[in-house]
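All residue numbers for the sequence shown refer to full-length UniProt numbering, where the first residue is 1 and numbers rise by one. Glycine included, each C-beta is placed from N, C-alpha and C at the ideal position. As structure tokens, the structure follows; a few thoughts come after it.
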Amino acid sequence: MWEHVPKIEYIPFGTFAVFPAFPSNGGKEFFPKFDHSHKILYMEKLLEVISFILQKSLNGRDRLSLSKLIYYADGVYFQKNAKLITNQTYIHLEDSPCALDFQSALLHLRKSGLIDIQPKLTEKGISGFQIVWTGELGEEAIDLNRQEKRIIRKVLENFKNAVYDENRVYPNLYENYIISPLFAEIPFSMDTLNTKIHFFKRKTLLNISGKIFKVLFSE
């Protein structure tokens, strides 16, 4: 689906300021203008996963939900195969786990005319934005194997309209990212993802000597 890779273009000498340490090379063109084609190849599977999710989401998905759906699809696949579908590195952002090339993938799809952004309108105004698929529909054109598609479908069934109650649907995967430090890599390990992870379900507050303490109860 992403076979086309543009060639590297070159910027004529003189476009950049010349420093003494740089060889002049006789004034020939030698400064490469990278188009990041290697980046497209590296995130090819991520592009396929995003395409599949959006084609199966008739009303689109918001950025937060889409990011989480990719993570959970990768996580469930990892639990069964000890590898990720997308081969991505995941980082823990303030509001979600996120594939490192997520924004680049959206930019590529938008430039290719395959996705569009639509506002979610309510009585009070715009409540957010939906990422919707605008390219041709065709599951057979998406380069994912049968098991990868089956797992993504299962994740989408568990989060049909929005991604919520993650700690109940995928408790291991939820805690795997939630306990990771902010802006740190989210680890994937068979030692933890296939075992029952202890996580907190209920919270309460105690007022002792005028001070408020948060107490966590586990079940």
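### Query
How would you call residue 264, buried or exposed, if buried means at least 16 neighbouring beta carbons within 10 angstroms?
Residue 264 lies beyond the stretch modelled for the chain, which goes from 1 to 219, so this question has no answer here.
### Query
Which stretch, first to last residue, makes up the alpha helix (DSSP H) that contains D74?
63-81
### A99, enclosing beta strand (DSSP E) - first and last residue
97-99
### Query
Which residues in the same chain have their Cβ closer than 6 Å to the Cβ of P97, if we skip the five residues on either side of it in sequence?
Y71, Y90, Y177, I186
### Query
For the alpha helix (DSSP H) that contains T86, what are its first and last residues?
From DSSP, T86 is part of no alpha helix (DSSP H); its letter is neither H nor E.
### Message
So residue 222 and I142 are supposed to be a Cβ contact under 8 Å. How far apart are they, rounded?
### Response
An answer regarding residue 222 cannot be provided, because it is not within the stretch 1 to 219 covered by the chain.
### Reduced DSSP category for P171 - H, G, I as helix; E, B as strand; rest coil
helix
### Query
Could you give the distance in angstroms between the alpha-carbon of E148 and the alpha-carbon of I85?
7 Å
### Query
Alpha carbon to alpha carbon, what distance is there between K124 and M43?
38 Å
### Local conformation of Y90 per DSSP, three classes
strand
#### Entry: Coarse secondary structure for L121, derived from DSSP in three states
strand
### Message
Can you find the residues in the same chain that come closer than 8 Å, C-beta to C-beta, to L100, ignoring five residues on each side of it along the sequence?
### Response
Q88, T89, Y90, I91
### Message
Between L156, L114, Q55, S57, which has its C-alpha nearest Y170's C-alpha?
### Response
L156
### Query
Thinking just about the alpha-carbon of each residue, which of L58, I131, I179 is nearest to the one in S67?
I131
### Query
How would you call E166, buried or exposed, if buried means at least 16 neighbouring beta carbons within 10 angstroms?
buried
### Member of E48, Q55, D74 whose CA lies at the smallest distance from the CA of I151
D74
### Query
Alpha carbon to alpha carbon, what distance is there between E136 and L109?
13 Å
#### Entry: With 16 other Cβ atoms within 10 Å as the buried cut-off, status of A162
exposed
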